[in-house]
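**Q**
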Amino acid sequence: MSHEGEPTIGRLVADASRDISALVQSEIALAKSELTVSVKAGGIGAALFAIAGFFGLLIIIMLSFAAAYFLTMTGLHPAWAFLIVAGAYVLLAGLLVFVGIKKLKKIRTPVKTISTAKKIPSAFKSSPKPALKS
């Protein structure tokens with residue numbers, strides 16, 4: 054018994070497969086677009102931490118001695134001069150870490166992708182099933 058105008062089971066399966074494929078591709082595209090923004094903010098934050106570390110190393114090795122000896126020229130004891138210089142560099146490193154943390158906090162989860170992905174199972178459960186005619 055063939056009913057004209059009604060799609061065959063093969064056609065329904067092919068349509069469902071095509072629709073699922075399109076849905077998955079759309080979800081992947083949405084996830085990519087949302088994650089690009091978060092990755093950029095994360096990259097900037099990580100770069101600031103790397104720069105802070107690099108500057109910290111250079112400053113400690115090269116300028117600490119120069120600044121401490123400059124302070125000793127003012128009559129300060131060398132131990133106090135070196136402690137003052139070290140304290141100044143601790144403050145500078147703290148400032149750079151603060152800016153880096155601020156940038157890393159801008160990383161966001163892909164809210165839209167998660168929201169639409171949670172709706173997919175319920176869409177399949179609530180879809181009406183075609184009645185089979187005998």
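Numbering (this note's numbering), first residue to last: 54 to 187. Yeah, the Cβ is synthetic: ideal placement off N, Cα and C, and Gly gets one too. None of the values given here were measured: they were computed from a predicted structure.
1) Pick out the complete alpha helix (DSSP H) segments inside the stretch 135-185, 4 residues or longer, and give them in chain order.
2) How far does the alpha helix (DSSP H) with residue 115 in it extend, from its first residue to its last?
3) What is the rounded straight-line gap between the Cα of residue 148 and the Cα of residue 120?
4) Sort 171, 173, 170, 152 by Cα distance to residue 97 and report the nearest one.
5) Which residue spans inside the stretch 58-130 form an unbroken alpha helix (DSSP H) run of at least 4?
6) Three or more C-beta pairs closer than 8 Å, one from the stretch 99-106 and one from the stretch 74-85: is that the case here?
7) If we ignore side chains and look at the alpha-carbon of each, how far apart do residue 107 and residue 129 end up?
**A** Quick look at the numbers:
1) Taking only runs of at least 4 residues, the alpha helix (DSSP H) segments lying wholly in the stretch 135-185 are 164-178.
2) Note, residue 115: premise wrong, no alpha helix (DSSP H); not H, not E.
3) Using only the alpha carbons, I get a separation of about 20 Å.
4) Measuring from the Cα of residue 97, the nearest candidate turns out to be 152.
5) Counting only unbroken stretches of 4 or more residues, the alpha helix (DSSP H) elements lying wholly within the stretch 58-130 are 62-111, 117-126, in sequence order.
6) Touching, no.
7) Straight-line Cα distance between these residues: approximately 29 Å.
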